[in-house]
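When the letters of the sequence shown are read in order and numbered with my numbering, they come out as residues 727 to 1070. All C-beta atoms, glycine included, are put in the ideal place defined by N, C-alpha and C. Please read these numbers as outputs of a predicted model, since none were measured by experiment.
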Amino acid sequence: MAKFPVVTLKVGDNPDSPMSTRYPPMTGLTQEQFTHLHDRAYEAMDQGALGEASQHFAELLQHRPDAAHYHYMRGLAHKYLMDWPTALRHNLRAIELGNGKNEAEHWNAAIAATALGQWEQARQLWKACGVRIDEGSGPIDDDFGVAVVRLNPWHGGETVFMRRIDPVRARLLNVPLPESGHRFGDIVLHDGASTGTRFDGDRQVPVFNELERLVPSGFQTFAAFVSCDSPADLKDLLAASAPGIGFAEDWTGSITYYCLRCSYGAPHKHSENADNQWQPERNLGIAAQSRLSVEKLLEDWAAKGAGRSIEGIETRELAAPEPEEGSAWWCGPEDEEDAEEGGA
727 MAKFPVVTLK
737 VGDNPDSPMS
747 TRYPPMTGLT
757 QEQFTHLHDR
767 AYEAMDQGAL
777 GEASQHFAEL
787 LQHRPDAAHY
797 HYMRGLAHKY
807 LMDWPTALRH
817 NLRAIELGNG
827 KNEAEHWNAA
837 IAATALGQWE
847 QARQLWKACG
857 VRIDEGSGPI
867 DDDFGVAVVR
877 LNPWHGGETV
887 FMRRIDPVRA
897 RLLNVPLPES
907 GHRFGDIVLH
917 DGASTGTRFD
927 GDRQVPVFNE
937 LERLVPSGFQ
947 TFAAFVSCDS
957 PADLKDLLAA
967 SAPGIGFAED
977 WTGSITYYCL
987 RCSYGAPHKH
997 SENADNQWQP
1007 ERNLGIAAQS
1017 RLSVEKLLED
1027 WAAKGAGRSI
1037 EGIETRELAA
1047 PEPEEGSAWW
1057 CGPEDEEDAE
1067 EGGA
């Protein structure tokens, strides 16, 4: 399922090799017991049971303290637990034991160092991965292009565009639904491996899983319900500006899996809409510093055109859903295909 180095135990490995999988003498385990523990650790990881996987890899390391692959795997489990000190410690040890040959260990160590704000170490690790990093100090603040992030991938996974400011940190460019617990302008930490692609209007860009929100935005999220007679009216609204407004976008076409107005209790009537027919009722997501900013924006827009009306402004503040064990949410479609075909 997941793409991590699965080591197959076999009798006859060179016991002097740092990657040897032959259990050492005097461990208190038979070969059969050690193999069973090894298998249980990888199975727990496959099933998304991160706490159990960590425990098993810790026990394996008691018997094989210099096994780089077990340090890597325990570090991986703690990356997805968002336990950054432990993830960093085990990935650095895996790098040391593996003589710096495995790029995945460098990437995961760099992600953990970035999450911890250990910038000198993070910069060194990114450079070891072959990533271009400026020669400054402190947080990396560059332009690594636009990509898509799957927010809370363990719970639904709303996707929004983001601008990457370093290899795994990015600023959100869309207005996420309040249910995501995120806001326009949040800085999030995302995983290093993409889980697909999305068309951004010009080209295909990678999709990454979010790991954690690092810096909350100062903007609130408002849902505005308006009505207008034409796409030109809507275009005017989306292009308008007012003090305290960060960004406004039309949620009507992009959020279709439930009636947004019903979810907010906004009074309205459902009307049938044929394909390609203009829908006057529009649901907007607006990032703003205050409700007064939203009211000013909408009132100015409504006053400048016939047939424009404001039907409601609502806001909610919700916490992001916490990860739960039992799902390997970090796996992308390619990983699932590999599993179905018998891949590791």
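- Within a 10 Å sphere around the beta-carbon of Asp917 sit 16 or more other beta-carbons, which makes this residue buried.
- Restricting attention to Thr921, Val931, Pro932 and Pro902, the CA atom closest to the CA of Pro942 is found in Pro902.
- Taking each of Gln773, His764, Phe760 and His762 in turn and checking the Cα distance to Glu1050, the smallest one comes out for Gln773.
- Annotated three-state conformation of Val857 is coil, per DSSP.
- In this structure, DSSP gives Asp962 a helical state, which the three-state scheme calls helix.
- Within a 10 Å sphere around the beta-carbon of Asp959 sit 16 or more other beta-carbons, which makes this residue buried.
- In the DSSP annotation of this structure, Ser1035 is not part of any alpha helix (DSSP H); the continuous beta strand (DSSP E) holding it starts and ends at Ser1035 to Thr1041.
- Put simply, the backbone Cα of Trp977 is about 22 Å away from that of Arg939.
- Leu915 has Arg895 and Glu938 as its beta-bridge partners, per DSSP.
- Between the segment 960 to 969 and the segment 1037 to 1056, the count of C-beta pairs closer than 8 Å stays below three; the two stretches do not touch.
- For Thr923, the enclosing beta strand (DSSP E) stretches over residues Thr923 to Phe925.
- Judged by their CB atoms, Ala854 and Trp810 are not nearer to each other than the 8 Å cut-off.
- A straight line joining the alpha-carbon of Lys1022 with that of Met888 spans about 27 Å.
- Within the same chain, Gly801 come within 8 Å of Arg815 by CB-CB distance, once the 5 residues on both sides are set aside.
- Under the criterion of beta carbons closer than 8 Å, Asn900 and Glu975 qualify as touching, at roughly 6 Å.
- In the structure shown, Glu846 falls within a helical segment according to DSSP collapsed to helix, strand and coil.
- Contact check for Leu786 and His762: beta-carbon distance about 11 Å, past the 8 Å limit, so the pair fails to qualify.
- Taken atom to atom, the span from the alpha-carbon of Glu936 to that of Ala1032 is near 43 Å.
- Counting C-beta pairs closer than 8 Å gives fewer than three between the segment 920 to 934 and the segment 946 to 960, which falls short of the contact rule.
- Between the beta-carbon of Met771 and that of Ala779 there is about 4 Å, and that keeps the pair under the 8 Å contact cut.
- In this structure, Val874 lies near Val931, with their beta-carbon atoms less than 8 Å apart.
- Each residue's CA atom was taken as its position, placing Ile1039 and Gly944 some 19 Å apart.
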